DNA sequence: ACAAAAGTGTTTTCCATACACCCATGT
DNA sequence: ACATGGGTGTATGGAAAACACTTTTGT
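Listed below in structure tokens is the structure:
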């Protein structure tokens, strides 16, 4: 009855020049030596699941909680998903701004941000977990303000639109997006500042608002065509 | 590292005369003797999480998989959520048609369908799990055809509308609901049959269609007013 | 002056609502 | 005939898509 190990694995997503990227680590030891895997680790004996996820996030990125977004994704517990024994993993999804900070000085020496598309054959059942994390992120942009988690503390409407376009992989009309984003109650809070030294007219800066859901939602273009 | 027990708990929802109900069991043994709790049990050493949930569902209701709907809800693992030791539970959400079959002959002798509203002080952290299950169900009716899981194999549009009204707790316009439900592609498949012996004009019978998501969604009345 | 990007206005189209109305059955 | 619930048609208001246009900066 008590023979289970419980782990936490993280699908950490951010947006970089290459598009939507996930943080992956290259495994050194068996099982799956040399393969890319999601970062993660075992839950400690007196640690809550959420606390273990926050700890892993900090170990991998140096981020203090409060930046970005962290939520539980799902649990995976096939009896033979880990050849070492019976390991149930609780996966978490993290949405993060592009970190100028390096990923170093930790046990994540072999970590790298890699585009989520065109990735296959991760260790364990991590392909499936990564795919479900990406799909969760895509869906959640529609009806929550989580796209702001990919941005820094202050951002422009155009930056926010770029987040949507990258995650959804589809272009959006800048004018209609602007109107919709700025008119949806609680989505954005103007800081009063503007950008400087960029080409074109300066853009107003915003922080994320206090809404937890977007109503009405920002629906992505019809997936069925 | 291997000192965890893993359990599966079920939020089983159905619609009865009293409204939206969950199956609860009254605990006989400590901890929490005499308190209502979600049905559940430990995952077996060589059993997948989903398989454990299917097994529990069958033990409690006698249902074979395929009826209704079963999905993972989330995992809960606070170090002291169970006084007996370190137990991580994986909660599942089941949506079921109203079962004429009794809930008997099993270890669920003290099980009962109880309205989800006005319930507090379940054992363990089950209040929270139940609340999250109900909210998941409410949200999923919007953009998936899962309302059909509450109905029998064949049902009328009015029965389906009653499901929405019960789960959302709000009245819907019968005419507009009818048009929307029958025109949303893949939601419903007409069987050709009709009801008989009821008051009023006979209603056409439908089965659930093959769509997995509803596009566009059936949005519930604005929660913000 | 021109290019570039931000932001606004306007038109059209679509969809949700509201509700009048007809249909098919039981009593 | 009438009540009851199933199902269709239609007017209207509001939001989304499409796009012309103005604003404000850098070069």
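Protein chains in written order, with the numbering used here: chain A, 81 to 305; chain B, 81 to 305.
Ideal Cβ positions, reconstructed from N, Cα and C, are used throughout, including at glycine.
Source: prediction; values computed, not measured.
message: Can you tell me which residues form a DSSP beta bridge with residue 328/B?
response: Because residue 328/B is not part of the residues shown, which for chain B are 81 to 305, the question remains open.
- Query: Quick one: Cα of residue 144/B to Cα of residue 138/B, how far?
  - Reply: 6 Å
_Run through chain A and tell me which residues come within less than 7 Å of residue 83/B, C-beta to C-beta._
82, 125
| query | Heavy atom of the ligand COA less than 7 Å from the Cβ of residue 172/B, yes or no? | reply | Questions concerning the ligand COA fall outside what the structure shown contains, since it holds no ligand whatsoever.
* Asked: The alpha helix (DSSP H) spanning residue 257/A covers which residue range?
  -> 254-263
Could you check where the alpha helix (DSSP H) with residue 200/A kicks off and where it finishes? Looking at the DSSP string, residue 200/A is not in any alpha helix (DSSP H), and its letter there is neither H nor E.
Here's a check: name, in chain order, each residue in its chain whose Cβ is nearer than 7 Å to the Cβ of residue 87/B, leaving out the five neighbours to either side.
120, 121, 122, 123, 167, 169
- Task: Could you tell me which residues DSSP puts in a beta bridge with residue 101/A?
- Result: 94/A, 195/A
- request: Check distances from the C-beta atoms of the stretch 146-172 of chain A to those of chain B and list, in chain order, the residues that come in under 8 Å.
  value: 152, 154, 155, 156, 157, 158, 159, 165, 166, 168, 170
- Within the 8 Å Cβ cut-off, does residue 340/A reach chain B? Look at the range of chain A in this structure, 81 to 305, and you will see that residue 340/A is not part of it.
Are residue 158/A and residue 128/B closer than 8 Å when you measure CB to CB? yes
**Prompt:** Taking Cβ-Cβ distances shorter than 8 Å, what residues in chain A pair up with residue 40/B?
**Reply:** The requested residue 40/B is not part of the displayed model; chain B covers only 81 to 305.
Quiz item: Quick one: is residue 252/A near chain B, going by C-beta distance under 8 Å?
Solution: no
**residue 209/B versus 171/B, 251/B, 253/B, residue with shortest Cα-Cα distance** = 171/B
Query raised in the report: What's the C-alpha gap between residue 112/B and residue 105/B?
Result: 12 Å
* Asked: Straight-line CA distance for residue 255/B to residue 241/B?
  -> 10 Å
Subject >> Reduced DSSP category for residue 230/B - H, G, I as helix; E, B as strand; rest coil >> reply: helix
Expressed to the nearest angstrom, what Euclidean distance is found between the alpha-carbon atoms of residue 270/A and residue 109/B? 56 Å
At which residues does the beta strand (DSSP E) containing residue 168/B begin and terminate?
-> 167-175
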